[in-house]
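Residue numbers (our numbering), protein chains in the order written: chain A, 45 to 412; chain B, 45 to 412. All C-beta atoms in this analysis are idealised placements derived from N, C-alpha and C, irrespective of residue type, glycine included. These notes are about the structure you will find just below.
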């Protein structure tokens, strides 16, 4: 595939770590929430194996925060998601599908409950802050909505635990999955969550002090030598194998949370109030006719820039939305929206990658 | 400056013209409304002179439309902008600053009144559809909000008039600036506005039928040979000289419309109702302390990826937000937020471009 440059400008915001990751050899960016998000350091497969064996530090500042503060903060956050947050606890992270009044997906952030009246929504790629502002204005809610200067640095991979213990002390080991707490490094306090956009384990450091964050970034590389630390970024291959869905790639506003497999994050039975509840009740009664599933394809490369139709003979089985060559499986792995009649995974699929026809099978998610 | 590739994916949406502009030699993209927007065909200065002399066809599908239909459509559009739309006419385009309740800028689309109950907002780069959905849900407005599959192709440059007349007939000549009407090509109807993101004259074709639009695109190149037609894109140099402000570059949510020089699009005196009106009244009474102005700098290159401070001795004069080398002026031209005490344009400025110090002056907008 032909490659194209990215035309940088102030609108495609840099992060506090941009100059560092450029020194570390980033080669490609994507844009996420109007910000540079590193996408490769030149060899996706090498980065994939490294992530699964060692530890990487990622600049994921593009996971911007919508901060909601005020008497009605919890009410507003609940209005935006179909997940029941009535028992949410301070110090915990919640994966929350955000939907519109028709039940269409808008985003799938991680919500952090910072206090009874303060939340952060750690966003996928869409301006949910504008949705929040619109609702708050329409309902005259008592909230302040902003995008604070919070820049996330992720530490991911099996050796992330040892590295973070070395830098921040043993206290970090007490942190449970999707919990967060505060830790101090060189006099600066950091909110750190045990979370991240890989299934290899690790942390996300919510940097509120740019200089302090840069100092911690540098220390992670110094202290991380013995753990073979490298700069990295969310890895396309790993995230597809692990079924970490990507908003805008795997689903968009035309899909509802049932189709995305988010059933366990949908509450249509309790008394909670959110936009789109009526629509979801209706969808639930009617049932869905398609859902996201995995596919495994006999091919050694692919680049998905638009939906690719999956066929069986002349019948459309579904649409491929993300895919990458997995050097572990020696096949292409992908995430696709599959029609109901093919959910039994028995039907072989074919597709065109460029001009070449390839064959594959449907599987469950996660793939690995 | 080091160059980086763009990591394509479905999330960074392709347009109906992507394969064509790639054949035509696009080299760099930016991302705009989650879509590929061409940024260069390899030589910005050559493209600048060509745009000012001939005619170019641009893929600006990334100017996505928010479609608002329904009994409350006009009410909702008015709620989002400080411009008085009470006398807006069907068939006309309106440049409308969109603000939040605090008076901060969110976008600066062109609004097209399609009928009494139907509008399109032709967006700059932010998800105003989510703002509209939030307000509509909060106020229970009777509207349908969507992003229709409308993809804009612009025809820009002094020879655009002759080219469009040749392809679409003499009727197109009757179109006035910021007016729109419908024209037929090979059986497909196109909404065409006399507008565009250059000051060189031309049209924007709102393509609602992908195949029809591709056919028109191809015809423009066939018929345009005699006018020296080329593929192009919004040109950084030309748009800065002409002071076509770029949302996210020249202003953002931290700026109000007075600071952007949008005074003539602000109505705080009539009875119209919009979010942020109270805030604008307050700002208006207090007065502003900074505004966007032009700068001319003695330098032969620049790349702005973050605000660059402008100094006089040790005093900060303002912040540079966009800039490019102008081969006409043989200097760097830029758009900057300038403090009130320097609005008289008498104070020389200095700035660092990379490690090099350069000198310049403040000027009015547009620069040329």
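- Within the model, the alpha-carbon separation for residue 188(B) versus residue 111(B) is close to 8 Å.
- The beta carbons of residue 99(B) and residue 258(B) sit no closer together than 9 Å.
- Residue 97(B) and residue 123(B) have their C-alpha atoms spaced approximately 41 Å apart.
- Within its own chain, no residue has a Cβ closer than 8 Å to the Cβ of residue 51(B) once the five positions on either side in sequence are excluded.
- With respect to residue 361(B), residue 354(B) sits close: the two C-beta atoms are nearer than 9 Å.
- In summary, residue 329(B) is exposed, with fewer than 16 beta-carbon neighbours lying within 10 Å of its beta-carbon over all protein chains present.
- If you check the CB distance, residue 57(A) and residue 78(A) come in under 9 Å.
- Around the beta-carbon of residue 284(B), 16 or more other beta-carbon atoms lie within 10 Å, marking it buried.
- Less than 9 Å separates the beta-carbon of residue 212(A) from that of residue 229(A).
- For a cut-off of 8 Å, the C-beta gap from residue 108(B) to residue 156(B) is around 13 Å, too long to register as a contact.
- In the three-state DSSP reduction, residue 296(A) falls in the coil class, being neither helix nor strand.
- The C-beta of residue 201(B) comes no closer than 9 Å to any C-beta of chain A.
- The region 363–380 of chain B makes no contact with the region 316–330 of chain B: fewer than 3 CB pairs, one atom from each, lie closer than 8 Å.
- The contact set of residue 49(B) on chain A, defined by CB atoms closer than 9 Å, consists of 47, 48, 49, 50, 71, 72, 73, 83 and 84 in chain order.
- For residue 190(B), DSSP records a beta bridge to 111(B).
- Residue 300(B) places its beta carbon less than 9 Å from that of residue 148(B).
- Only residues of its own chain outside the window of five on either side were considered, and among them 364 and 395 have a CB closer than 6 Å to the CB of residue 352(A), listed in chain order.
- Residue nearest to residue 390(B) within the set 126(B), 89(B) and 339(B) is 339(B) (criterion: CA-CA distance).
- Counting the other CB atoms within 10 Å of its CB gives residue 69(A) a total below 16, which places it among the exposed residues.
- In chain order, 53, 54 and 55 make up the part of chain B whose C-beta sits under 7 Å from the C-beta of residue 293(A).
- The three-state secondary structure of residue 121(B), taken from DSSP, is helix.
- Fewer than three beta-carbon pairs drawn from the region 172–185 of chain B and the region 83–95 of chain B are found closer than 8 Å, and the two stretches are therefore not classed as touching.
- Listed along the chain, the chain A residues whose CB falls inside 8 Å of the CB of residue 176(B) are 178.
- The contact set of residue 391(B) on chain A, defined by CB atoms closer than 8 Å, is empty, because the minimum CB distance reaches about 23 Å.
- In this structure, residue 286(B) sits away from residue 152(B), with a CB-CB distance that is not shorter than 9 Å.
- Residue 169(B) sits in coil when the DSSP states are folded into three classes, being neither helix nor strand.
- Contact note: residue 348(B) reaches chain A through 53 and 54, using a C-beta cutoff of 8 Å and chain order.
- Annotation for residue 272(B): 98 place their beta carbon closer than 6 Å to its own, counting only its chain and skipping 5 residues before and after.
- Residue 61(A) and residue 401(A) have their C-alpha atoms spaced approximately 42 Å apart.
- Here residue 268(B) is buried. Its C-beta has 16 or more other C-beta atoms within 10 Å.
- The Cβ of residue 242(A) sits no closer than 9 Å to any Cβ of chain B.
- 9 Å or more divides the Cβ of residue 382(A) from the Cβ of residue 346(A).
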